[in-house]
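Undergrad: Got a structure for you, questions after.
In this note's numbering, the protein residues as written are 15 to 581.
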């Protein structure tokens with residue numbers, strides 16, 4: 015077995031969505047970057063993980079950075095748009111997003127991507143990480159680097175580099191998190207059996223012919239899937255993750271394909287135990303698809319979304335090892351009316367997903383973090399501070415995916431693909447700046463990093479959690495900078511630019527509390543929602559009036575998504 019050696023300024027351990035965006039941002043910033051991934055795709059959970067109806071960062075204010083750039087490119091390329099399901103305001107086939115990401119990688123002159131690579135070891139000398147030993151095509155390769163960015167799904171560098179990290183639950187006494195279990199409750203064996211959230215191996219189906227799924231299963235669900243349509247109908251289950259071309263993302267938590275058996279196995283040194291978990295995940299998801307086929311009849315078939323297979327290229331790991339960082343995002347930082355002002359000054363990314371935890375044995379009650387916005391509920395915005403991406407005792411490591419410094423409770427809101435793209439972008443920009451300025455990660459002034467993110471020429475990324483500041487607002491970057499300095503001026507949100515494929519429709523507007531309705535001239539009554547602050551501000555004043563709206567019909571929400579008010 016040959017042994018090769020080399021040096022690269024920035025080495026990115028990929029496999030997660032954050033790894034891809036970190037590598038892109040580092041290379042686009044003028045630094046030679048090597049991205050290594052274990053599989054043949056780069057997009058992590060939103061592509062190779064199959065979660066291509068992503069939650070979170072849906073409002074226009076947070077469609078910035080590489081996440082917003084990806085959305086806008088998808089809208090340009092997909093003639094049938096992104097409105098196909100009810101779990102998300104966006105749906106795309108995994109290959110559609112993956113092709114864009116791989117195209118961007120190919121266009122980045124200073125980025126090299128190696129697929130099919132396994133990280134075997136990581137050398138640490140004091141506060142410095144030095145060499146990574148990789149296995150690629152049967153060869154061992156030793157790579158020296160200036161900065162390591164961990165965009166892996168599980169925080170691989172934390173284990174191999176013997177870096178302080180957390181895994182599992184923290185007691186309520188540690189941080190006072192309202193949804194965390196008290197220390198005496200943690201003695202329950204459940205917490206040892208399920209130290210992390212249940213993973214899922216997402217599988218995709220293909221609906222053939224007219225969309226007319228049976229309202230009741232043709233053959234009842236059996237075994238572990240028996241209750242999966244107790245709370246929702248079969249058409250609702252199928253349209254939950256419906257994608258362009260009637261492809262179906264099957265990522266169903268309620269007696270669906272979540273696999274709660276030994277979720278901590280993936281962190282074990284026991285290879286047989288890890289393989290047993292993977293086999294269980296795989297078999298469970300394929301059995302779920304077979305049950306759905308029996309329930310639906312021949313119109314539901316396996317999709318060929320992943321190199322001819324219906325099963326995603328990798329499991330969807332909801333939680334990995336978590337860095338002990340310079341600061342930690344906890345549950346209170348996510349909740350309404352409790353913003354962490356210190357974190358906001360250090361912000362490098364904004365998320366808004368409503369906290370969500372999955373366990374095999376029991377439901378876990380969580381403090382509500384939703385707010386009424388735009389005719390529906392949306393997650394309360396929160397920020398990721400720069401200190402959550404690094405440990406001050408490790409001079410050249412940045413985290414770029416789910417393994418940032420968060421509590422177990424907060425991980426339920428910080429683990430979503432859109433936010434991971436933004437976290438990765440911040441980590442990649444920080445890595446490039448550290449190389450260019452010859453700084454340890456902890457020495458990098460966060461103000462310099464924030465300005466670079468806001469002024470990026472290709473995908474400027476926002477850091478201010480202001481729902482009234484859409485990405486297309488004139489002087490958007492200056493408004494963001496003013497907000498960082500505490501000088502927030504009230505501005506009238508700008509109207510959104512027209513989206514490809516949008517339509518215009520006249521509605522009689524009816525506002526009922528936090529719910530919005532629009533009645534067409536032929537008597538059809540639609541729930542109305544919006545992602546745009548201009549519409550959020552103006553539409554309630556239209557109650558009882560007939561107005562023309564521009565937007566998109568989504569019969570699976572069901573809703574009519576309003577993007578603009580027409581004159």
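Think of the CB as a built atom: it goes at the ideal place given N, C-alpha and C, for glycine as much as any other residue.
Do you know how far the Cα of residue 512 is from the Cα of residue 345?
TA: 37 Å
Undergrad: Could you tell me whether the region 447-460 touches the region 403-418, using the rule of 3 or more Cβ pairs below 8 Å?
TA: Yes, the region 447-460 is in contact with the region 403-418.
Undergrad: Tell me the rounded alpha-carbon separation between residue 274 and residue 508.
TA: 46 Å
Undergrad: Assuming residue 466 contacts residue 492 (C-beta within less than 8 Å), just tell me the rounded distance between them.
TA: Contact doesn't hold; Cβ gap of about 15 Å is too wide.
Undergrad: At which residue ranges does the region 343-378 contain complete alpha helix (DSSP H) runs of 4 or more residues, listed in the order of the chain?
TA: Counting whole runs of 4 or more residues, the region 343-378 contains the alpha helix (DSSP H) stretches 355-359.
Undergrad: Is it buried or exposed, residue 179, if we count other Cβ atoms within 10 angstroms and call 16 or more buried?
TA: buried
Undergrad: Fully enclosed by the region 20-70, which beta strand (DSSP E) runs are 3 residues long or longer?
TA: Whole beta strand (DSSP E) segments, 3+ residues: 47-50.
Undergrad: Can you tell me which residues form a DSSP beta bridge with residue 88?
TA: Its beta-bridge partners do not exist; DSSP assigns none.
Undergrad: Find the nearest neighbour of residue 85 within the set 60, 295 and 100, judged by alpha-carbon distance.
TA: 60
Undergrad: Less than 6 Å between C-beta atoms, sequence neighbours within five positions excluded: which residues of the same chain meet that for residue 281?
TA: Cβ within range, chain order: n/a, list empty.
Undergrad: Check whether the Cβ atoms of residue 80 and residue 88 sit closer than 8 Å, and answer yes or no.
TA: Going by C-beta atoms, residue 80 is not nearer than 8 Å to residue 88.
Undergrad: Could you compute how far the alpha carbon of residue 347 sits from the alpha carbon of residue 385?
TA: 15 Å
Undergrad: Check each candidate in 558, 473 and 224 and name the one with the smallest Cα separation from residue 533.
TA: 558
Undergrad: Go ahead and label residue 573 buried or exposed: buried means 16 or more other beta carbons lie within 10 angstroms of its beta carbon, across all protein chains shown.
TA: buried
Undergrad: Starting from residue 390, trace the beta strand (DSSP E) both ways and give me its first and last residue.
TA: 390-393
Undergrad: Per the contact definition of three or more C-beta pairs closer than 8 Å, is the region 378-397 in contact with the region 472-488?
TA: yes
Undergrad: Check each candidate in 311, 441, 72 and 259 and name the one with the smallest Cα separation from residue 26.
TA: 441
Undergrad: Give the straight-line distance between the Cα atoms of residue 56 and residue 117, rounded to the nearest whole angstrom.
TA: Approximately 11 Å, taken between the alpha carbons.
Undergrad: Looking only at C-alpha atoms, which of 527, 537, 191 and 579 sits nearest to residue 544?
TA: 579
Undergrad: Kindly provide the ranges of any alpha helix (DSSP H) runs that are 4 or more residues long and lie completely inside the region 140-228, ordered along the chain.
TA: 170-174, 186-189 and 204-207
Undergrad: So who's on the other strand from residue 501, going by DSSP bridges?
TA: Partner(s): none; residue 501 has no beta bridge.
Undergrad: Leaving out the 5 sequence neighbours to the left and right, which residues in its chain are closer than 7 Å to residue 253 when beta-carbon positions are compared?
TA: 99, 100 and 570
Undergrad: On the DSSP letters alone, give me the boundaries of the alpha helix (DSSP H) that residue 442 sits inside.
TA: 431-451
Undergrad: For a minimum of 3 consecutive residues, which ranges assigned as the beta strand (DSSP E) are wholly contained in the region 464-538?
TA: Whole beta strand (DSSP E) segments, 3+ residues: 517-526 and 529-533.
Undergrad: Inspect the beta-carbon positions of residue 122 and residue 38 and report whether they are closer than 8 Å.
TA: Result yes, Cβ atoms of residue 122 and residue 38 sit closer than 8 Å.
Undergrad: Count the other CB atoms, across all protein chains shown, that sit within 10 Å of the CB of residue 383; report buried if there are 16 or more and exposed otherwise.
TA: buried
Undergrad: Kindly list the residues whose CB is nearer than 6 Å to the CB of residue 358, restricted to its own chain and excluding five residues on each side of it in sequence; keep chain order.
TA: Closer than 6 Å at the Cβ level, and outside the excluded window around residue 358, lie 397.
Undergrad: Which of the three DSSP states is assigned to residue 320 in this structure?
TA: strand
Undergrad: If the criterion is Cβ atoms closer than 8 Å, does the pair residue 34 and residue 165 meet it?
TA: yes
Undergrad: Where does residue 114 fall in DSSP's three states?
TA: In the structure shown, residue 114 adopts helical secondary structure according to DSSP, grouped into three states.
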